[in-house]
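Protein chains in written order, with numbering that gives the first Met the number 0: chain A, 0 to 399; chain B, 0 to 227.
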Amino acid sequence: MRTDKRIPFFLILRHLRRANKWTLALIIFLLAIAFINLIFINSLFNGVIESNNQQIIAFRTGNISMSPARGQEYVAEPLHTVARIEEVPGVEAAAAETEVPGNLEFKGAKGDYSVTAIDPVSEKKVTDVSMKMVEGSYLQPEDRDGIIIGAEIAGEKDNGARHLSFTGARVGDRLTLVLDGGKRDFTIRGVFKTKSNEADDRTFVTRAALEGVAPELAGTASDIIIKTDSTGNEKEVVARLEAAGVRGTFFTWQQAAEGLKILTDSFVTINTLLTVVGFFIAAVTIFIIIYVDITHRRQEIGILRAVGVKSSLVVSTYVLQGAIYSFGGVLLGTALYFGIIFPYFRAYPFQIPIGDVTLSVNPGDFVFRALTVVAVAVLSALIPAIIATRKSILDDILGR
Amino acid sequence: MPDPEDVIVVDSIDRTYQLGEVEVRALKGVSLTVRRGDFMVVTGRNGSGKSTLLHQLGLLDRPTAGKILLNGRDVTVMHERDRNHLRLTDLGYIFQEFALIAELTAIENVMLPSMMLEKTGACRERARRLLAAVELRGQADHLPSQLSGGEQQKVAIARALMNDPAVIFADEPTANLDLVSAREVLDIFHMLNKVADHTIVMVTHESDETVYGNRLMTLSDGKIIDEN
């Protein structure tokens, strides 16, 4: 290594050691804020999309849902089919559901709600509704006149969760289920609240209870919900199910999420727009911080040139300084983000109609944004440093 | 054939500045020769062009016309990279305002130019010797803000000497110093010239400082009006 290559490191180490600590801290803090601004918005929208996907998997379709094969109205022999599916590698559990359109009546109020018949034991293995009971308890397998309803249907006494709710149906209350001519009273065993409006608009009874109202549905299922051993391998599992001869129409959760594509596309668009604005603001902020710092040190640049330090080394010094500042900003921003902001929003998530939304960091996005901050800082240092070294030495020293 | 004893030959240089719409001719056809071992004192009133002349000789600025030969090489048409190298190896410059880097200690300021050429250990050792020579042995690790004006100027002198330059330029080096410090600095220049045989070009407007040089040049309105 040529000896002169030490000059930038020599100068920067001394600058970091002896410069005004408050000024240095303020510069790094501002860079950290600019970095956090870049990752926060992105993480928030990632969180919205991830929350939506989690809600679909946990409360609606599992990883894969199987509908009847083309031309079939129901999945025949559901218990046998569930057993076959559970033997396929990659499948953790499966459960049959029979969803039928129905009408619920409660104290004079009526509402059109679908009712889903389940086997509570196997259902617990594929969805998380059982873990979201806010009142009462989940269904028991032998329960023949119990029903659990979502919070959107139960509503609240003073302020209905929505205008069609039962505005305060409680555990122990009785409501009437009308199914295709059949009619039967059920006792509310529990109320669940997943915080997803769509999931909280559902009701569940046991398969035995449904057969009491509609005996013709005995031994049938409208869907089979499949939980895979890991999220992301759904296509492979579907291929294995088809290869194993399981007859049905398979939909992965990603396909189910297509129904909300308009929503997620909108979030992606908003995210992109805000990211572009965020990048611009961050770039301008970083540029101003570094530019002002270097402009204030033009006399130093002039002195270095006057004593014979090469212009390229002078430029390298300030570029390296910009890189170190930005690296410090990224490190501080990362520490603040994962030490304070991220845990805070884990503990106190945003509550929106599709469920609780926390921040979700995509490693690729994170690294890209960190590199962007460093690149902008380097560029912000490069420009004024080059300008300063192209000016007359006297102008630099005398600040002209 | 240039005389090898002629360190600097200035041939009819002009320096014109544009100040807004006004054109200022700071130097008008100045010619001079600095010979090895000279202690040339350049004097004149404020605005006479003496500092402008020193800036041209010290390669901090380029003349608008004419040429300057440094050890026989025309530096007026030289690429900035080469002029930079000459500033590093052949010239030492002492500014009126000391021009020290605030975040470097005295010894670090002194050793900085030679770090372009040598290993740190050797630089530090020579810087320490030079600081001792200007009686700043105990202040080597002080920052400029911890030194008096006279001490800062001594550090600047030590820095100018670091690469053993062919010529030392001093631009009103005592202007910001008290009488005692000014005398100490001038004594150092005298010693450098007489004992170490350094060539020195010093600008001053203090008439009593002219006695330190063996050549005196007086400028007025951008022209040499007196030389001996």
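Glycine included, every Cβ here is placed at the ideal spot set by N, Cα and C.
Test item: CB-CB of residue i and residue j under 9 Å
{"i": "A:Ser136", "j": "A:Arg188", "result": "yes"}
{"i": "B:Gly91", "j": "B:Phe168", "result": "yes"}
{"i": "A:Asp228", "j": "A:Glu134", "result": "no"}
{"i": "A:Ala94", "j": "A:Ser121", "result": "yes"}
{"i": "A:Pro383", "j": "A:Tyr317", "result": "yes"}
{"i": "A:Arg201", "j": "A:Thr115", "result": "yes"}
{"i": "B:Gly65", "j": "B:Val29", "result": "yes"}
{"i": "A:Asn51", "j": "A:Leu262", "result": "yes"}
{"i": "A:Thr80", "j": "A:Ile223", "result": "yes"}
{"i": "B:Ile199", "j": "B:Asp37", "result": "yes"}
{"i": "B:Ser113", "j": "B:Arg127", "result": "no"}
Residue-chain proximity (residue i, chain A), Cβ-Cβ < 9 Å
{"i": "B:Gln17", "result": "no"}
{"i": "B:Glu79", "result": "yes"}
{"i": "B:Leu87", "result": "yes"}
{"i": "B:Asn45", "result": "no"}
{"i": "B:Asp60", "result": "yes"}
{"i": "B:Leu160", "result": "no"}
{"i": "B:Asn70", "result": "no"}
{"i": "B:Pro172", "result": "no"}
{"i": "B:Glu102", "result": "yes"}
{"i": "B:Tyr92", "result": "yes"}
{"i": "B:Ala25", "result": "no"}
{"i": "B:Pro112", "result": "yes"}
{"i": "B:His64", "result": "At residue 64 of chain B the sequence reads Ala, which differs from the His that was named. No, its Cβ sits nowhere closer than 9 Å to a Cβ of chain A."}
{"i": "B:Asn192", "result": "no"}
{"i": "B:Glu107", "result": "yes"}
Nearest to residue i (by Cα), restricted to the options the options
{"i": "B:Lys118", "options": "A:Val318, A:Arg5 and A:Ile396", "result": "A:Arg5"}
{"i": "B:Ile12", "options": "B:Thr51, B:Leu116, B:Arg123 and B:Ala131", "result": "B:Thr51"}
{"i": "A:Ile293", "options": "A:Glu215, A:Thr388, A:Leu272 and A:Glu233", "result": "A:Thr388"}
{"i": "A:Gly328", "options": "A:Leu370, A:Trp252 and A:Ile56", "result": "A:Leu370"}
{"i": "B:Ala165", "options": "B:His84, B:Glu20 and B:Leu146", "result": "B:His84"}
{"i": "A:Phe203", "options": "A:Tyr112, A:Leu335 and A:Leu30", "result": "A:Tyr112"}
{"i": "A:Asn232", "options": "A:Leu15, A:Ile32 and A:Asn62", "result": "A:Asn62"}
{"i": "B:Gly212", "options": "B:Lys27, B:His197 and B:Leu103", "result": "B:His197"}
{"i": "A:Val245", "options": "A:Ala334, A:Thr115, A:Pro67 and A:Asn36", "result": "A:Pro67"}
{"i": "B:Arg182", "options": "B:Glu205, B:Gly36, B:Ala98 and B:Val21", "result": "B:Glu205"}
{"i": "A:Asp179", "options": "A:Leu209, A:Arg169, A:Leu335 and A:Gly167", "result": "A:Leu209"}
{"i": "A:Ser315", "options": "A:Thr230, A:Val125 and A:Ile385", "result": "A:Ile385"}
{"i": "A:Ile40", "options": "A:Leu216, A:Leu176 and A:Val276", "result": "A:Val276"}
{"i": "A:Arg345", "options": "A:Gln53, A:Gly332, A:Val356 and A:Gly181", "result": "A:Val356"}
{"i": "B:Ala195", "options": "B:Leu129, B:Pro62 and B:Leu146", "result": "B:Leu129"}
{"i": "B:Gly46", "options": "B:Gly149, B:Tyr16 and B:Thr63", "result": "B:Tyr16"}
{"i": "B:Leu282", "options": "B:Ile156, B:Asp163 and B:Glu208", "result": "Limits of chain B in this structure are 0 at one end and 227 at the other, which puts residue 282 of chain B out of reach."}
{"i": "A:Glu241", "options": "A:Arg13, A:Val87 and A:Gln54", "result": "A:Val87"}
{"i": "A:Ala213", "options": "A:Arg143, A:Ala18 and A:Asn45", "result": "A:Arg143"}
{"i": "A:Arg169", "options": "A:Phe34, A:Leu30, A:Leu303 and A:Phe191", "result": "A:Phe191"}
{"i": "B:Phe188", "options": "B:Asp220, B:Ala155, B:Asn162 and B:Leu218", "result": "B:Ala155"}
{"i": "B:Ala101", "options": "A:Ile300, A:Leu358, A:Gly70 and A:Ser391", "result": "A:Ile300"}
{"i": "A:Gly218", "options": "A:Asp118, A:Ile289 and A:Phe349", "result": "A:Asp118"}
{"i": "A:Phe58", "options": "A:Glu96, A:Thr268 and A:Val74", "result": "A:Glu96"}
Residue i, enclosing alpha helix (DSSP H) - first and last residue
{"i": "B:Met190", "result": "Leu178 to Lys193"}
{"i": "A:Thr357", "result": "Unbroken run through A:Thr357: none, as it is neither H nor E."}
{"i": "A:Leu397", "result": "Ile392 to Leu397"}
{"i": "B:Lys153", "result": "Gly148 to Leu160"}
{"i": "B:Gly65", "result": "Note, B:Gly65: premise wrong, no alpha helix (DSSP H); beta strand (DSSP E) at Ala64 to Leu69."}
Extent of the continuous beta strand (DSSP E) run through residue i
{"i": "A:Tyr336", "result": "Note, A:Tyr336: premise wrong, no beta strand (DSSP E); not H, not E."}
{"i": "B:Asp244", "result": "This structure does not reach residue 244 of chain B, given that chain B is present from 0 up to 227, and the question cannot be answered."}
{"i": "B:Arg34", "result": "Val21 to Arg34"}
{"i": "A:Tyr290", "result": "Element bounds for A:Tyr290: not the beta strand (DSSP E) but the alpha helix (DSSP H), Lys260 to Thr294."}
{"i": "A:Gly149", "result": "Gly145 to Gly149"}
{"i": "B:Arg44", "result": "Looking at the DSSP string, B:Arg44 is not in any beta strand (DSSP E), and its letter there is neither H nor E."}
Distance between beta carbons of residue j and residue i, contact taken as under 8 Å
{"i": "B:Asn175", "j": "B:Gln95", "result": "6 Å"}
{"i": "A:Val375", "j": "A:Phe279", "result": "The pair is not a contact, with the Cβ atoms about 10 Å apart (cut-off 8 Å)."}
{"i": "A:Thr193", "j": "A:Lys123", "result": "Going by Cβ atoms, the distance from A:Thr193 to A:Lys123 rounds to 14 Å, so no, they are not a contact pair."}
{"i": "A:Gly154", "j": "A:Gly145", "result": "Contact flag wrong, Cβ pair sits at about 19 Å."}
Closer than 9 Å to chain B by CB, residue i
{"i": "A:Asp292", "result": "no"}
{"i": "A:Val308", "result": "yes"}
{"i": "A:Ile382", "result": "no"}
{"i": "A:Ser391", "result": "yes"}
{"i": "A:Ala479", "result": "Outside the shown range of chain A (0 to 399) lies residue 479 of chain A, about which nothing can therefore be said."}
{"i": "A:Arg304", "result": "yes"}
{"i": "A:Asp3", "result": "yes"}
{"i": "A:His295", "result": "no"}
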